[in-house]
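**Q**
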Amino acid sequence: MNEEDSHVACSECFNDIGLKLDAQKIGTLNDNKCPICLKNNGQKLSSVQLEHLAYRFFVWGSLHKCDYGAAPMVQFNEHQKTSIQVSPWLKDDIKIFERILGIGFFHYGPRLWMVGEVEPLKALQNTKTRDAVIERIINEYPSRTIDNHEIFYRIRKSPYDPDNWAEYDSPPEHVETFGRLDSKEAPALYVSPDLDVCVHECRVTAEDDLFVATLHPREQLRLIDLSILLKEENITEFESLDMAVHMVFLATKHSYEITRSIASSAKKAGFDGVIYPSYFSLLRCGVMPLQTVYGISNRRIPEYQEIEQAITIQNIAIFGRPLKEGKVKVKCINRLILSRVEYNFHFGPVSV
Ligand SMILES: [Zn+2]
Numbered sequence: 025m026n027e028e029d030s031h032v033a034c035s036e037c038f039n040d041i042g043l044k045l046d047a048q049k050i051g052t053l054n055d056n057k058c059p060i061c062l063k064n065n066g067q068k069l070s071s072v073q074l075e076h077l078a079y080r081f082f083v084w085g086s087l088h089k090c091d092y093g094a095a096p097m098v099q100f101n102e103h104q105k106t107s108i109q110v111s112p113w114l115k116d117d118i119k120i121f122e123r124i125l126g127i128g129f130f131h132y133g134p135r136l137w138m139v140g141e142v143e144p145l146k147a148l149q150n151t152k153t154r155d156a157v158i159e160r161i162i163n164e165y166p167s168r169t170i171d172n173h174e175i176f177y178r179i180r181k182s183p184y185d186p187d188n189w190a191e192y193d194s195p196p197e198h199v200e201t202f203g204r205l206d207s208k209e210a211p212a213l214y215v216s217p218d219l220d221v222c223v224h225e226c227r228v229t230a231e232d233d234l235f236v237a238t239l240h241p242r243e244q245l246r247l248i249d250l251s252i253l254l255k256e257e258n259i260t261e262f263e264s265l266d267m268a269v270h271m272v273f274l275a276t277k278h279s280y281e282i283t284r285s286i287a288s289s290a291k292k293a294g295f296d297g298v299i300y301p302s303y304f305s306l307l308r309c310g311v312m313p314l315q316t317v318y319g320i321s322n323r324r325i326p327e328y329q330e331i332e333q334a335i336t337i338q339n340i341a342i343f344g345r346p347l348k349e350g351k352v353k354v355k356c357i358n359r360l361i362l363s364r365v366e367y368n369f370h371f372g373p374v375s376v
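In our numbering, each residue carries its 1-based index in the sequence shown increased by 24.
(1) Which partner residues of His224 appear in the DSSP bridge assignment?
(2) From Gly350 to Arg242, what distance separates their C-alpha atoms?
(3) Pull up the distance between the alpha-carbon of Cys377 and that of Lys119, whole angstroms please.
(4) Quick one: using the 10 Å Cβ neighbour count with 16 as the cut-off for buried, is Met170 buried or exposed?
(5) Could you say which of Asn54, Val311 and Gly85 lies nearest to Gly372 if we only look at CA atoms?
(6) Which one or two residues does DSSP pair with His240 in a beta bridge?
(7) Could you tell me which whole beta strand (DSSP E) segments of length 3 or greater appear in the region 71 to 128?
(8) Between which two residues does the beta strand (DSSP E) holding Phe343 run?
(9) For Gln104, tell me which candidate among Trp113, Ile299, Tyr132 and Ile335 has the shortest Cα-Cα distance.
(10) In chain order, what residues have a CB nearer than 6 Å to some heavy atom of ligand 1?
(11) Is the Cβ-Cβ distance between Asp193 and Leu219 less than 8 Å?
(12) In this structure, does DSSP put Phe235 in helix, strand or coil?
(13) Would you mind reading off the limits of the beta strand (DSSP E) that contains Leu247?
(14) Could you name the residues of the same chain whose beta carbon sits closer than 6 Å to that of Gly126, not counting the 5 residues immediately before and after it, in chain order?
(15) I'd like to check one pair, Val221 with Leu360: are the Cβ atoms closer than 8 Å?
(16) Just the C-alpha distance for Ser167 and Arg178, rounded to the nearest angstrom, thanks.
(17) With a CB to CB cut of under 8 Å and the five nearest residues on each side skipped, what residues in its chain are close to Met25?
(18) Which residue wins for smallest C-alpha separation from Arg80, given the options Lys292, Leu306, Pro96 and Glu263?
(19) Between the beta-carbon of Met271 and the beta-carbon of Val142, is there less than 8 Å?
(20) According to DSSP, what are the bridge partners of Asn258?
(21) Spell out a yes or no on whether the region 329 to 337 and the region 280 to 288 are touching, meaning 3 or more CB-CB pairs, one atom from each, closer than 8 Å.
(22) Look up Val157 in the DSSP assignment and say whether it is helix, strand or coil.
Set out below in structure tokens:
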């Protein structure tokens, strides 16, 4: 059977506009007549592509984010009949998947670690048990030394004096907004070796007057590396320190109390800063968070660990005011112009 004969549906088969647009991205364009809708102008889908579309739209598209963790609300398999209620415009569409792939869609009851039932994570949220877990983090994660050959970037929006290197140090004392790892008492300089992530994290717009400083350490900096995948033996997701740290850095502002405590302990332990996974890693790499195989996290499956590590983008927070303290030096300052912004997106059902 050649590839054209193997096409089982097309983008024109669907009523739901999001589903149709997703099918257009996944499918292949040719002039053949679709076996379902009999049109020839749609992007044709093989059964593998149709299953990929089902996963992207119904599973990833129904991802529900919790305080810590996230889980899809819908799953499908060959054993169950469809039991979810979908919008009127999606009713005929879902039958195409059922009939061709022989699958049913149902409400997914996630394994509880996916929604934050991870013992070390729960202990981190409780101020009485937090310190013991942080001590483990400081002891079990490796340190990494960076020297003056490595460069990283720091972006500023509308600095008062763009030419002045001091503009690219940690925020001055009067600033009242702090991030994941700094506070009024404990300033830190946020930098990244990945310029795209810097642009994202600064939440820049085309109207902003932007400048980027390229920095490098003047001397060796010793950092604790929390961006690595911590390999743990005979441990499930429920007990995993790796999963706890991963979820803390995926979470938003409610987790800052924890991450600031980690930073404070790292500083006391003599580190110059922290390497941590960027919140934007997944967005930058276009992958769904907390992917699993049969309910087991990809982070726990040896064959997937290298991939999981590769999709982690590293950010660095250097304690104190390292430019003023002479630990870090400005190599170059440039104006930064946003010439094109491109978003990638896909769709999901409005309710299920
Ligand atoms: Zn069709």
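Glycine included, C-beta positions come from ideal geometry on N, C-alpha and C.
**A** In brief:
(1) Paired residues: none, contrary to the question.
(2) 7 Å
(3) No answer is possible for residue 377: the residues shown for the chain start at 25 and end at 376.
(4) First, the amino acid is wrong: residue 170 is Ile here, not Met. By the 10 Å Cβ count, Ile170 comes out buried.
(5) Gly85
(6) Lys353
(7) 87 to 89, 94 to 96 and 98 to 101
(8) Gln338 to Phe343
(9) Tyr132
(10) Ala33, Cys34, Glu36, Cys37, Cys58, Ile60, Cys61, Lys63 and Gly66
(11) no
(12) strand
(13) Leu245 to Asp249
(14) Glu102
(15) no
(16) 22 Å
(17) A caution first: Met25 carries a pLDDT of 48, below 50, which makes its placement in the model unreliable, though a value can still be read off. Cβ within range, chain order: n/a, list empty.
(18) Pro96
(19) yes
(20) In the DSSP output, where bridge partners are listed per residue, Asn258 has none listed.
(21) no
(22) helix
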